[in-house]
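Visitor: Provided herewith is a single structure, encoded as structure tokens, for subsequent inquiry.
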Amino acid sequence: MKMKILYLAVLTLSHPAYAILLQAPEPVMLAESYQENTSFPFAAYRMSEKLDGIRGIWDGSVLKSRTGQIIHAPDWFYPLLPPFPVEGELWAGRGNFHLVQQTVLDQTPNPEAWKKISFVLFDIPFGKGGYQSRYETIQKWLSGREPDAHLRLIEQYPVLSRKHLQAFMAQVVRQSGEGVMLKNWQSAYQSGRSHDLLKYKPYIDDEAQVLGYKKGQGKYLHQVGALYVRNHQGIRFYIGSGLSDEQRAAPPPVGSWITYRYDRLTDKGKPRFPRLLRERVN
């Protein structure tokens, strides 16, 4: 009987469905959107720049993306990481998301390319206490080590007022940053979306599935002029801005998901001035 159980266990572990389970999304804390025209307890929150990278979750032995994909870092990277779980953003500086995507999702890591990547820590998944306690735990651990450009803690600032938050946002945008994150300083770690973690952007990002294409005209004759897409709300529309020449020649395939950006919805519920950002990272 023991041999049969062992045999079944081996079969289960090697089954493709088990591999999918191993790559299930990580149960991390996700941000809601900050609503600018509502009352808000500013003193209860801290603010930091929103980094445009790929979220990394370190469980003490394995580094994964938010979707559960194992991230293969070079050998020199792992000794930098703490002996306890942390999460942060794998980041290569403002406007360099493409470098992060090309580097950290490779099955075989490129040690030279990884030298451009920093792991900017911001929390301890399911750590004890409020956020202040978890933040200070990371801070204390880092203070006992030699500084390294590839591992650091995100800077958190008190929020004094709405004007203070808006001024910080303006500063981030002037520096080509993506936006601001707001974190309840005393909140417990939670799985899923929470109003204790908020994202504040000067624009809105969303996702849509590619349904087809619109033919290009003029300089884009014989290429793709726009993507025909459908977002999660079921709204269909075209995205013609933000496509590179390479994407117009070889667009994201039908059925794939893309991330787009817009400033607000029209009175008919369609995104106003949608612009392609990137094909979605799985």
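When the letters of the sequence shown are read in order and numbered with mature numbering (1 follows the signal peptide of the UniProt record, and there is no 0), they come out as residues -19 to -1, 1 to 263. In this text, a Cβ means the ideal position worked out from N, Cα and C, and glycines have one as well. Model, not experiment: these values are computed from the prediction.
From D33, L61 and K31, pick the residue whose C-alpha is nearest to that of G41; which is it?
Guide: L61
Visitor: Would you please state the rounded distance, in angstroms, between the beta carbons of residue 273 and L179? I believe it to be under 8 Å.
Guide: Because the chain is modelled from -19 through 263, residue 273 falls outside the range shown and cannot be assessed.
Visitor: Helix, strand or coil for F65 per DSSP?
Guide: Coil.
Visitor: Should K45 be labelled buried (16 or more other beta-carbon atoms within 10 Å of its own) or exposed?
Guide: buried
Visitor: Give me the DSSP bridge partner(s) of P252.
Guide: By DSSP's assignment, P252 forms a beta bridge with L246.
Visitor: Between V205, Y194 and K182, which lies nearest to R242 when the distance is taken from Cα to Cα?
Guide: K182
Visitor: Assign A189 to one of two classes, buried (16 or more other C-beta atoms within 10 Å of its C-beta) or exposed (fewer than that).
Guide: Buried, because 16 or more other Cβ atoms sit within 10 Å of the Cβ of A189.
Visitor: Which residues in the same chain as L(-9) place their Cβ atom closer than 7 Å to its Cβ, once the five residues preceding and following it in sequence are excluded?
Guide: Because the pLDDT at L(-9) is just 34, under 50, the model does not fix this residue reliably, and the point stays unresolved.
Visitor: Mind checking who W238 pairs with in its DSSP beta bridge?
Guide: W238 pairs with Q190.
Visitor: Whole angstroms is fine: what's the gap from N18's alpha carbon to Q156's?
Guide: 25 Å
Visitor: What are the complete alpha helix (DSSP H) segments, minimum 4 residues, inside the stretch 100 to 152?
Guide: Scanning the stretch 100 to 152 for uninterrupted alpha helix (DSSP H) segments of 4 residues or longer gives 112 to 124, listed from N- to C-terminal end.
Visitor: Is it true that the stretch 109 to 120 meets the stretch 143 to 162, where meeting means three or more beta-carbon pairs spaced less than 8 Å apart?
Guide: no
Visitor: Which partner residues does A207 have in the DSSP bridge list?
Guide: K195
Visitor: Taking the alpha carbon of S168 as the point to measure from, which residue in S20, E7, K96 and R27 has its own alpha carbon closest?
Guide: R27
Visitor: In terms of residues, what are the limits of the beta strand (DSSP E) holding E30?
Guide: Y26 to K31
Visitor: Following the continuous alpha helix (DSSP H) through R261, name the residue where it begins and the one where it ends.
Guide: It is not in any alpha helix (DSSP H) - R261 carries neither H nor E in the DSSP assignment.
Visitor: Taking the straight line between their C-alpha atoms, what separation do you get for R253 and A25?
Guide: 34 Å
Visitor: State buried or exposed for L70, treating a residue as buried only when at least 16 other CB atoms are found within 10 Å of its CB.
Guide: Here residue 70 turns out to be Glu, not Leu, going by the sequence shown. Under this definition E70 is a buried residue.
Visitor: Quick one: grab the DSSP three-state call for R229.
Guide: Three-state result, R229: helix.
Visitor: What is the rounded straight-line gap between the Cα of L11 and the Cα of Y194?
Guide: 32 Å
Visitor: Are the beta-carbon atoms belonging to H131 and S99 less than 7 Å from one another?
Guide: Closer than 7 Å, so yes.
Visitor: Return the first residue and the last residue of the alpha helix (DSSP H) that F78 is part of.
Guide: First-last of the alpha helix (DSSP H) with F78: F78 to V85.
Visitor: In whole angstroms, give me the CA-to-CA distance for residue 266 and R47.
Guide: Lying before the first or after the last residue shown, residue 266 is absent from the chain, which here runs from -19 to 263.
Visitor: Rounded to whole angstroms, what is the Cα-Cα separation between I38 and Y219?
Guide: 35 Å
Visitor: Can you name, in chain order, every residue of its own chain whose Cβ lies under 8 Å from the Cβ of V43, other than the five neighbours on each side?
Guide: I51
Visitor: Would you call P64 buried or exposed, if buried means 16 or more other Cβ atoms sit within 10 Å of its Cβ?
Guide: With fewer than 16 Cβ atoms within 10 Å of its Cβ, P64 is classed as exposed.
Visitor: Got a sec? Which residues, its chain only, sit under 8 Å from K(-16) by beta carbon, not counting five neighbours each side?
Guide: In this prediction, K(-16) scores a pLDDT of 39, lower than 50, which makes its location untrustworthy; the coordinate-derived value is nonetheless stated afterwards. Correct list: empty, nothing qualifies.
Visitor: How far does the alpha helix (DSSP H) with E17 in it reach, from first residue to last?
Guide: Where E17 is concerned, there is no enclosing alpha helix (DSSP H), given that its DSSP letter is neither H nor E.
Visitor: Going by other Cβ atoms of all chains shown within 10 Å of its Cβ, with 16 needed for buried, is G34 buried or exposed?
Guide: Of the other Cβ atoms in all chains shown, 16 or more fall within 10 Å of the Cβ of G34; this residue is therefore buried.
Visitor: In whole angstroms, what is the alpha-carbon distance linking Y209 and R245?
Guide: If I take the Cα positions, the gap works out to 19 Å.
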